[in-house]
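Here is the structure we will look at, set down as structure tokens.
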Amino acid sequence: MSNKAWGGRFSEKPEDWVDEFNASVGFDQILIKYDVQGSIAHAKMLAKQDIISQADCDAIIKGLTEILKDYENGNLPLDISLEDIHLNIEHELIKRIGDAGGRLHTGRSRNDQIATDMHLYTKDEVNEIISLINAFQQTIVDIAEKHIETIMPGYTHLQRAQPISFAHHILTYYWMLDRDKTRFQDSLKRIDISPLGAAALSGTTYPIDRHTTQESLEFANLYENSLDAVSDRDYIVETLHNISLTMVHLSRFAEEIIFWSSAEANFVTLSDAFSTGSSIMPQKKNPDMAELIRGKVGRTTGHLVSMLTTLKGLPLAYNKDMQEDKEGLFDAIHTIKGSLRIFDGMIASMTVNVNQLQSAVEQDFSNATELADYLVNKGVPFRTAHEIVGKLVLWAIQHNVYLLDVPLTQYKDAHASIEADIYEYLKPENCISRRTSYGSTGHDAVKKQIEVIKQKFKTTNE
Ligand code: ARG
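Read in the working numbering, the sequence shown has 617 at position 452, and its numbers run on one by one without any break.
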């Protein structure tokens, strides 16, 4: 006799290599905890509705609990000819408790079963991702608070543009991650829904109660349409998108860390614990963690595109194509959780080279806009001021000096209104502290920004 749950209709047995192609148990076993949880909720509901006896229900719960324990202790053999985790568990349950085990699948299909497992799993993982983002944001804010007055060059086109505060720069990543966090939080509305009881596609003739299973699995809501319940993979696409975008943000930050830790910049020094050496060049200390995070965006973006492509043109309701929703999601979740943890540790332990950042700002022309603003304050139209400063910058380049070293006579030649106070005016720290506009890099504005962030932390952690 075939060991297949669906063996009755078949007279021929698939070859091993066909079984292997068909099987998902190699990867869907990570859902075992949720599968057992869903089955217990289903069995309890069947007993409550008098569809199975209380004695059968008790035997099922005991059997499933033991199966899960055995799996966790490495004592549950899994068989690829039994396809997936659902059929492996059911087979084992029937082996252990007999007919009662065979009654578990009443009024249910693997189609609503796998959907239930995936909803439970995704909900747990998204909640964990949200806490990891939160912890990472906290680390960013802790660093920012120590560096409100640390000055660095702000860039556009990777050319030095205007001096900014180091705190202001890294807080940008706080805000990116904040949008990511709210996207994950919002997605829970579409993840936290129970498909259980939709059965294969059309519902069932047994007097089941879907609200009971919804409540015992603590789902906030339930699908209103049984076909939709078993066909919907939107929440997986959405989670993959949210992961991909967060990874894109992490890769931008990682790129900055890689540049900052180069000898050319030397703006930060990574701790040894988050760096690696070279097998040939003894002097090397490489930012491998940041590079890996930057590189892993390839896979998360790939998983998003592959899920969208798998779903394209799929007719209703369940199709086996949908088994392809798992490995990409599992890998994307594993990747983002690892990346967030590593990034957090990496920046918490890095040294910010304050003096190096300060001297980088002193050796550039990033105070040129300030000189133009100085002239504007003396009544010169901005366009004219821009032209005058452009010429002064050219003069300085030709004479191998920066704006703070240009002699006053030269300034006077450029425009009579320039006075000796220009040297104080052009100091990078003064360029920053003069910025008072809301959300700017000025010290008071950054302090205000940190206050807003702390208030947000307080309200979300309440
Ligand atoms: N392993 C399957 C999956 O992951 C479970 C659902 C199978 N349903 C079916 N009708 N073959 O999609």
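Where is the CB? At the ideal position from N, CA and C, for every residue including glycine. If you're wondering where the values come from, they're calculated on a predicted model, not measured in any experiment.
Just to confirm my understanding: we take residue i, look at its own chain, exclude 5 residues before and 5 after, and list those with CB closer than 6 Å. What are they?
| i | result |
| --- | --- |
| Lys449 | Gly442 and Ser443 |
| Ala332 | Ala309, His312, Ile313 and Val611 |
| Arg325 | Pro318, Asp529 and Ser531 |
| Ala513 | Thr304 |
| Thr369 | Gly272 |
| Glu257 | Ile232 |
| Leu241 | Asp235 |
| Phe418 | Tyr338 |
Per DSSP, what are the beta-bridge partners of residue i in this structure?
| i | result |
| --- | --- |
| Arg126 | Given a span of 166 to 627 for the chain in the structure shown, any question on residue 126 remains unanswerable. |
| Asn451 | Thr441 |
| Thr516 | Thr434 |
| Ile358 | Asn386 |
| Ser330 | Ile316 |
Let me check you understand the geometry: is the CB of residue i closer than 7 Å to at least one non-hydrogen atom of the ligand ARG?
| i | result |
| --- | --- |
| Asp193 | yes |
| Lys169 | no |
| Asp289 | no |
| Ser359 | no |
| Ile408 | no |
| Lys613 | no |
| Gln324 | no |
| Tyr320 | no |
| His251 | yes |
| Lys260 | no |
| Ile597 | no |
| Gln488 | yes |
| Ser391 | no |
| Arg398 | no |
| Glu255 | no |
| Ile197 | no |
| Arg174 | no |
| Lys485 | yes |
| Ile401 | no |
| Ser189 | yes |
| Glu185 | no |
| Glu310 | no |
| Arg275 | yes |
Taking all protein chains shown into account, do 16 or more other C-beta atoms lie within 10 angstroms of the C-beta of residue i, making it buried, or fewer, making it exposed?
| i | result |
| --- | --- |
| Met166 | Bear in mind that a pLDDT of 49 at Met166, under 50, signals an unreliable position, so the number given afterwards is only what the model happens to contain. Exposed is the call here. |
| His564 | exposed |
| Asp249 | buried |
| Thr601 | exposed |
| Ala220 | exposed |
| Phe581 | Phe is not the amino acid found at residue 581; the sequence shown has Ala there. Under this definition Ala581 is an exposed residue. |
| Ile401 | buried |
| Arg398 | buried |
| Met283 | buried |
| Ala537 | buried |
| Ile445 | exposed |
| Val183 | exposed |
| Lys623 | exposed |
| Thr287 | buried |
| Val617 | exposed |
| Arg112 | This structure cannot settle anything about residue 112, because the visible part of the chain is limited to 166 through 627. |
In chain order, what residues of the same chain lie with their CB nearer than 8 Å to the CB of residue i, ignoring the 5 residues before and after it?
| i | result |
| --- | --- |
| Gln614 | His333, Leu336 and Gly604 |
| Thr315 | Ser330, Phe331, Ala332, Val517, Val519, Leu522 and Gln523 |
| Tyr629 | The structure shown has nothing for residue 629, since the chain only spans 166 to 627. |
| Thr500 | Ile408, Met412, Lys461, Arg464 and Thr465 |
| Asn451 | Ser440, Thr441, Gly442 and Ser443 |
| Leu651 | Past the edges of the chain, shown from 166 to 627, lies residue 651, and the structure says nothing about it. |
Could you pull out every residue in the same chain whose Cβ sits closer than 7 Å to the Cβ of residue i, ignoring the five residues on either side in sequence?
| i | result |
| --- | --- |
| Asp345 | Ile298, Asn407, Leu410, Thr411 and His414 |
| Ala394 | Asp277, Ala280, Pro360, Ala363 and Tyr388 |
| Pro546 | none |
| Val291 | Phe349, Ser352, Leu353, Ile356 and Thr404 |
| Gly267 | Ile259 |
| Glu185 | Ile245 |
| Leu243 | Val190, Gln194 and Asn253 |
| Lys477 | none |
| Leu366 | Asn276, Ser391, Leu392, Val395, Ala482 and Tyr483 |
Using CA coordinates, which residue listed in the options is at the minimum distance from residue i?
| i | options | result |
| --- | --- | --- |
| Arg273 | Arg348, Asp289, Pro546 and Glu255 | Glu255 |
| Ile205 | Ser381, Arg548 and Arg375 | Ser381 |
| Met472 | Val462, Glu456 and Leu494 | Leu494 |
| Lys234 | Ile401, Ile197, Leu573 and Asp215 | Ile197 |
| Ala482 | Leu457, Leu392 and Ser504 | Leu392 |
| Ile553 | Lys577, Asp570, Leu569 and Pro572 | Lys577 |
| Leu505 | Ala455, Ile216 and Thr230 | Ala455 |
| Gln488 | Lys178, Pro179, Gly173 and Val190 | Val190 |
| Phe192 | His608, Lys491 and Asp509 | Lys491 |
| Leu247 | Lys502, Arg375, Tyr371 and Lys178 | Lys178 |
| Ile226 | Pro447, Gly555, Asn238 and Ala265 | Ala265 |
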